[in-house]
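This report refers to the structure that appears directly beneath it.
Numbering (our numbering), first residue to last: 20 to 292.
This is the structure in structure tokens:
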């Protein structure tokens, strides 16, 4: 299931009423198969723009993006074709409110024709059980907490067996306790699954705790400023946050991000500041 991702010198600009905006410029990134790679940076630095280009939601202006060496988009094909090999979990809940948990989870493989409805239901029940969500199959999203909804969304994504799982600040807005529980749940999913994960966040502690490696993006126009190896043991337990090495990594990332936030503020980019 897992795949490598290579972003080579990608730029993205778009027109506004006040002129062209360069969201990404000469941005390069490589993610190894089976890696949980985190992109962190100040708001407005182009993190979500990059993820959207990988998913096929919009085009790029220059450069190319490849999955396992296969071209997704580039000079001759400026916009990638969305596909089941890349599944996105967004900031906000996208579960169908009129469908039960089980029907939400089986939706992808059934619609894609990969599995019969019976086989999809069997697989979904097993994945929900592994995620500690058994017993909720017949509940509706509105009956679940935000944290439980998010766990269902991740299960729904993984049932599609993507080669690349794209997570766009999926725990944003959660309280600290719920966020901590979700971090542990995601790492359990990751340790069990084979998918490559690209995780977008502006939270430095979250980035260090989750990532195998993390890339720091510059203020707009966004590019990868630094890539840092997160040499913390796996499986990763919550107690690692109290270690000296965790603190060292968090400080190193903070310095990189803070430099970019300060630079954005100095040039008047209120969104990035």
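Just so it is clear, CB atoms sit at the ideal spot from N, CA and C, and this is done for glycine as well. Quantities reported herein were computed from a predicted structural model and do not represent experimental measurements.
Can you give me the C-alpha to C-alpha distance between residue i and residue j, rounded to a whole angstrom?
i: residue 274; j: residue 258; result: 23 Å
i: residue 161; j: residue 123; result: 13 Å
i: residue 212; j: residue 38; result: 44 Å
i: residue 167; j: residue 57; result: 23 Å
i: residue 90; j: residue 83; result: 7 Å
i: residue 137; j: residue 177; result: 18 Å
i: residue 126; j: residue 50; result: 28 Å
i: residue 163; j: residue 45; result: 42 Å
i: residue 288; j: residue 73; result: Model confidence at residue 288 stands at a pLDDT of 49, short of 50, so the residue's coordinates are unreliable and nothing is read from them.
i: residue 295; j: residue 226; result: Nothing in the structure corresponds to residue 295, since the chain is present only between 20 and 292.
i: residue 63; j: residue 231; result: 24 Å
i: residue 184; j: residue 220; result: 14 Å
i: residue 280; j: residue 255; result: 29 Å
i: residue 144; j: residue 152; result: 9 Å
i: residue 150; j: residue 142; result: 12 Å
i: residue 101; j: residue 92; result: 11 Å
i: residue 95; j: residue 262; result: 48 Å
i: residue 208; j: residue 54; result: 13 Å
i: residue 276; j: residue 239; result: 12 Å
i: residue 292; j: residue 52; result: With a pLDDT of 35 at residue 292, under the threshold of 50, the modelled position of that residue is not reliable, and the figure given next carries that caveat. Cα to Cα, residue 292 sits roughly 33 Å from residue 52.
i: residue 260; j: residue 203; result: 12 Å
i: residue 165; j: residue 193; result: 8 Å
i: residue 65; j: residue 269; result: 21 Å
i: residue 195; j: residue 223; result: 14 Å
i: residue 237; j: residue 88; result: 26 Å
Under 8 Å by Cβ, that's how I've got residue i and residue j pegged, so tell me the actual separation to the nearest angstrom.
i: residue 206; j: residue 218; result: That belief does not hold up - the Cβ atoms of residue 206 and residue 218 are roughly 11 Å apart, past 8 Å.
i: residue 31; j: residue 67; result: The Cβ separation is near 11 Å, so there is no contact.
i: residue 157; j: residue 113; result: Between residue 113 and residue 157 the Cβ distance is about 20 Å, and since that is not below 8 Å, they are no contact.
i: residue 78; j: residue 98; result: 4 Å
i: residue 181; j: residue 214; result: 6 Å
i: residue 146; j: residue 106; result: Their Cβ separation, rounded to whole angstroms, is 14 Å, which puts residue 146 and residue 106 out of contact at 8 Å.
i: residue 235; j: residue 186; result: Between residue 186 and residue 235 the Cβ distance is about 17 Å, and since that is not below 8 Å, they are no contact.
By DSSP, does residue i sit in helix, in strand, or in coil?
i: residue 292; result: Its pLDDT being 35, under 50, residue 292 is placed unreliably by the model, and the measurement read from it follows with that caveat. Correct three-state label for residue 292: coil.
i: residue 83; result: strand
i: residue 228; result: helix
i: residue 105; result: strand
i: residue 235; result: strand
i: residue 200; result: helix
i: residue 187; result: strand
i: residue 89; result: strand
i: residue 213; result: coil
i: residue 151; result: coil
i: residue 326; result: Since the first and last residues shown for the chain are 20 and 292, residue 326 lies out of range.
i: residue 116; result: coil
i: residue 135; result: coil
i: residue 180; result: coil
i: residue 277; result: helix
i: residue 162; result: helix
i: residue 96; result: coil
i: residue 172; result: helix
i: residue 127; result: helix
i: residue 78; result: coil
Sort out for me which residues DSSP pairs residue i with in a bridge.
i: residue 6; result: In the structure displayed, the chain extends from 20 to 292; residue 6 sits before or after that span and is not available.
i: residue 48; result: 26
i: residue 223; result: Answer is none; residue 223 lacks a bridge partner.
i: residue 246; result: 234
i: residue 63; result: None; residue 63 has no bridge partner.
i: residue 55; result: 216
Tell me, please, whether the CB atom of residue i is closer than 8 Å to any CB atom in chain D?
i: residue 129; result: The structure shown contains no chain D; it holds only a single protein chain.
Q. In the region 245 to 274, which residue ranges form an unbroken alpha helix (DSSP H) of at least 4 residues, counting only runs that do not cross its ends?
A. none
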